[in-house]
Amino acid sequence: MDARRVGGRIAAARRALAAGGSLPVPVLRITNGLAMISLVLSSCDLLRLCSDRSRPLGFPLGGREFATVLCQLASVVYLLSLFGAPSGSGHPKAPASDDEGAGSPRRARAADADAPAAMHAGVEGGDDEEIVATVVSGALPSHHLESSLGDCRRAARLRREALRRVTGRGVEGLPFDGMDYQAILGQCCEMPVGYVQVPVGVAGPLLLDGRQYHVPLATTEGCLVASVNRGCRAIAASGGAVSVLLRDAMSRAPVVKLPSAKRAAELKSFVEAAANFETLASFFNRSSRFGRLQGIRCALAGRNLYIRFTCSTGDAMGMNMVSKGVENVLGYLQNDFPDMDLISLSGNYCSDKKPTAVNWIEGRGKSVVCEATIKGGVVQSVLKTTVQKLVELNIIKNLAGSAVAGALGGFNAHASNIVTALFIATGQDPAQNVESSQCITMLEAVNDGDDLHISVTMPSIEVGTIGGGTCLASQASCLNLLGVRGPNCDSPGANAKLLATIVAGSVLAGELSLLAALAAGQLVNSHLKYNRSSKDVATC
1 MDARRVGGRI AAARRALAAG GSLPVPVLRI TNGLAMISLV LSSCDLLRLC
51 SDRSRPLGFP LGGREFATVL CQLASVVYLL SLFGAPSGSG HPKAPASDDE
101 GAGSPRRARA ADADAPAAMH AGVEGGDDEE IVATVVSGAL PSHHLESSLG
151 DCRRAARLRR EALRRVTGRG VEGLPFDGMD YQAILGQCCE MPVGYVQVPV
201 GVAGPLLLDG RQYHVPLATT EGCLVASVNR GCRAIAASGG AVSVLLRDAM
251 SRAPVVKLPS AKRAAELKSF VEAAANFETL ASFFNRSSRF GRLQGIRCAL
301 AGRNLYIRFT CSTGDAMGMN MVSKGVENVL GYLQNDFPDM DLISLSGNYC
351 SDKKPTAVNW IEGRGKSVVC EATIKGGVVQ SVLKTTVQKL VELNIIKNLA
401 GSAVAGALGG FNAHASNIVT ALFIATGQDP AQNVESSQCI TMLEAVNDGD
451 DLHISVTMPS IEVGTIGGGT CLASQASCLN LLGVRGPNCD SPGANAKLLA
501 TIVAGSVLAG ELSLLAALAA GQLVNSHLKY NRSSKDVATC
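Under full-length UniProt numbering, the letters of the sequence shown match residues 1 to 540, in that order.
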């Protein structure tokens, strides 16, 4: 049982005892009797000590004298508290008279005065209507519902009703049932009121590295799954695709400020020195049994130093893991550089959820290359175009066109489409599609121009098979479909690496199909068929 639920139940028990409950009469009699006995015995012992002239009582008190005085004081305090306590705490509560019933003004005023404190102390046994009213009034913050109630599902339901009353707009179309609200507490989402439905289609089989994968894609863009599916068919008909994992290294780059640029350069030299790496790694690796420091690279801007740590993270995506390790190293560096001032644990040199050159060049997460050779006959029969048209289109669109646009890692047709759909389906962080979609697509005519060689190079695929949204039932099912659910106990990190290669293989299929549609002039017709509904038009 988590700490929030335990705290909520303890608070509810305290509120029940203070508001109207009382200790059972037998228990109360026993405690009163023990207090009286303790008072009598300690008084007798204290009198005897005071009357013993051979051993006068003085300060500091000895062990026996101290225990006697302590028992005396505790007994007196307890017995005096019985006289000042309300009747409910010492004796069974008398029935309320008619003029002090539940609806009496005096009781109502008392209840109103105690309501905020009671809500914060624990409302597990409260009435739903009262709790919603307290949330609406602001006496109980919405984000305290889970800890106060100890029931995540009930908290979400009451928050949903409070939202309706505050805004005057309902969320009836937002599903509520079917979500494990306990599973998302402290891991996926705060203050939940429901969940959004996203259709999941399956493309494939994708023949990759000799194995077949049915790829789940969560999307609301018609034609996407069909397009990837056609690419998978062309790849499978040509013998499949092959992937290579080039690198596996998650990064975090804090920024620190020193008194001068010279001092910052000294820290840079210290951190990057090969002789110090083992020491720094020993502090970094304490954060996790899977996180292992791989390298440190620094960049200087005036007297600000950006320190980019890279490490392996097992089957987790690893942002929290590497952040903990960085904190350990910074604590160690503070001893030798006490004038170092930590500005931020993330200085944007990492770089997370932003298109940057450092990720494009150095990589972040998993760096993967995936390739396939598509037979000329398949290009014509499945893709409905020619090898020469595809090669020319890729040069003019993906390479030259992206260069004209000033793209940073965007030398592709629509890698982000596939990455985002796969990320949502498998519980990854959708915002990390920014760097994970950095991709360069290359096409060449091979075998005397008869066949087509296609490859995608993706240096920053950030995925994990444990943690985050992977714990949710729907996302875990999609991971299970791919055979990468949870950690790989035999080879830690293998599941996350395999998922990264599947992402690259799916992007390969999507790139192949979209380029073929553009080369054949089928893009508009395809979207009119799969991505344009007449229902909305008819309704309007």
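Beta carbons are placed, not taken as given, at the ideal position from N, Cα and C, and that holds for glycine.
Legend entry - Assigned secondary structure, tyrosine 349 (DSSP; H/G/I helix, E/B strand, else coil): coil
Legend entry - Beta-carbon contacts of alanine 110 that lie in its chain and below 8 Å, excluding the five residues immediately before and after: With a pLDDT of 40 at alanine 110, under the threshold of 50, the modelled position of this residue cannot be trusted, and the question is left open.
Legend entry - Extent of the continuous alpha helix (DSSP H) to which isoleucine 466 belongs: Element bounds for isoleucine 466: n/a, residue is neither H nor E.
Legend entry - Cα-Cα separation, phenylalanine 423 to cysteine 232: 18 Å
Legend entry - Sufficient close CB pairs (3 or more, under 8 Å) joining the stretch 184-201 to the stretch 140-148: yes
Legend entry - Terminal residues of the alpha helix (DSSP H) in which glycine 365 lies: No alpha helix (DSSP H) holds glycine 365; the beta strand (DSSP E) holding it covers 365-374.
Inset, instruction - Note down the Cα distance separating proline 105 from serine 474, rounded to an integer number of angstroms. - result: Residue placement at proline 105 cannot be trusted, given a pLDDT of 40 that sits under 50; what the coordinates show is reported in the next sentence. Near 52 Å, if we compare the C-alpha coordinates of serine 474 and proline 105.
Legend entry - Cα-Cα separation, isoleucine 210 to alanine 253: The residue asked about is misnamed: residue 210 is glycine in this sequence, not isoleucine. For glycine 210 and alanine 253, the distance between alpha carbons rounds to 38 Å.
Inset, instruction - Kindly give me the distance between the Cβ atoms of alanine 372 and alanine 241, rounded to whole angstroms, as I take these residues to be in contact under 8 Å. - result: 4 Å
Inset, instruction - List the endpoints of the continuous beta strand (DSSP E) containing lysine 257. - result: Under the DSSP assignment, lysine 257 falls in the beta strand (DSSP E) whose first and last residues are 255-257.
Legend entry - Every unbroken alpha helix (DSSP H) within the stretch 173-231, with a cutoff of 4 residues, ordered by chain: 181-184
Inset, instruction - Could you check the C-alpha separation between cysteine 152 and proline 216 for me, to the nearest Å? - result: 29 Å
Inset, instruction - Specify the secondary structure class of glutamine 388 as computed by DSSP and reduced to three states. - result: DSSP places glutamine 388 in helix when its eight states are reduced to three.
Inset, instruction - List the whole-angstrom C-beta distance separating leucine 39 from leucine 79, where the pair is believed to meet the contact cut-off of C-beta under 8 Å. - result: 7 Å
Inset, instruction - Could you tell me which residues DSSP puts in a beta bridge with phenylalanine 411? - result: Ile440
Inset, instruction - Kindly indicate if chain B contains any beta-carbon less than 9 Å away from that of alanine 74. - result: Given the protein chain composition of this structure (a single chain), no chain B is represented.
Legend entry - Presumed contact (8 Å Cβ cut-off) between arginine 289 and alanine 264, rounded CB distance: Contact flag wrong, Cβ pair sits at about 33 Å.
Legend entry - Separation of aspartate 341 from lysine 260, as counted between CA atoms: The sequence shown places serine at residue 260, rather than the lysine named in the question. Computed Cα separation, rounded: 12 Å.
Inset, instruction - For glycine 521, count neighbouring C-beta atoms within 10 Å of its own C-beta (all shown protein chains included) and say buried if the count is 16 or more, exposed if not. - result: Counting Cβ neighbours within 10 Å, glycine 521 comes out exposed, since fewer than 16 surround it.
Legend entry - Where threonine 470 falls, given that 16 or more other Cβ within 10 Å makes a residue buried: buried
Inset, instruction - Give the range of the beta strand (DSSP E) segment to which phenylalanine 309 is assigned. - result: 304-312
Legend entry - Exposure label - asparagine 525; buried when at least 16 CB within 10 Å: exposed
Inset, instruction - Say whether the stretch 373-381 touches the stretch 317-325, bearing in mind that this needs 3 or more beta-carbon pairs closer than 8 Å, one atom from each stretch. - result: no
Legend entry - Residues that DSSP places opposite arginine 247 in a beta bridge: Ser367
Legend entry - Separation of proline 175 from alanine 118, as counted between CA atoms: Confidence in alanine 118 is poor, its pLDDT being 45 and thus under 50, which makes the residue's placement unreliable; the coordinate value appears in the next sentence. Looking at the two C-alpha atoms, the distance is approximately 31 Å.
Legend entry - Selection from Gly427, Val77 and Ser491 that minimises the alpha carbon distance to glycine 464: Gly427
Inset, instruction - Could you tell me the distance, in whole angstroms, from the CA atom of methionine 179 to the CA atom of alanine 281? - result: 41 Å
Inset, instruction - Tell me whether asparagine 398 is buried or exposed, calling it buried when 16 or more other Cβ atoms sit within 10 Å of its Cβ. - result: buried
Inset, instruction - Please go through the same chain and pick out, in chain order, the residues whose beta-carbon is closer than 6 Å to the beta-carbon of aspartate 451, but skip the five residues on each side of it. - result: So the qualifying residues of the chain are Thr373, Lys375 and Gly376.
Legend entry - Under the three-state DSSP convention, the category residue 572 falls into: In the structure as shown, the chain starts at 1 and stops at 540, and residue 572 therefore has no counterpart that could be examined.
Legend entry - C-alpha gap between arginine 230 and valine 358, whole angstroms: Near 34 Å, if we compare the C-alpha coordinates of valine 358 and arginine 230.
Legend entry - For residue 558, three-class secondary structure by DSSP: With the chain represented from 1 up to 540, any question about residue 558 goes unanswered, as that position is not in the structure.
Inset, instruction - For glycine 295, write down the residues that DSSP places opposite it in a beta bridge. - result: Thr310
Inset, instruction - Have a look at leucine 41 and serine 51 and give me their C-alpha separation to the nearest angstrom. - result: 16 Å
Inset, instruction - Decide if threonine 167 is buried, meaning its Cβ has at least 16 other Cβ atoms within 10 Å, or exposed. - result: exposed
Inset, instruction - Leaving aside the five residues before and after arginine 297 along the sequence, list all residues of the same chain whose C-beta is less than 6 Å from its C-beta, in chain order. - result: Arg308
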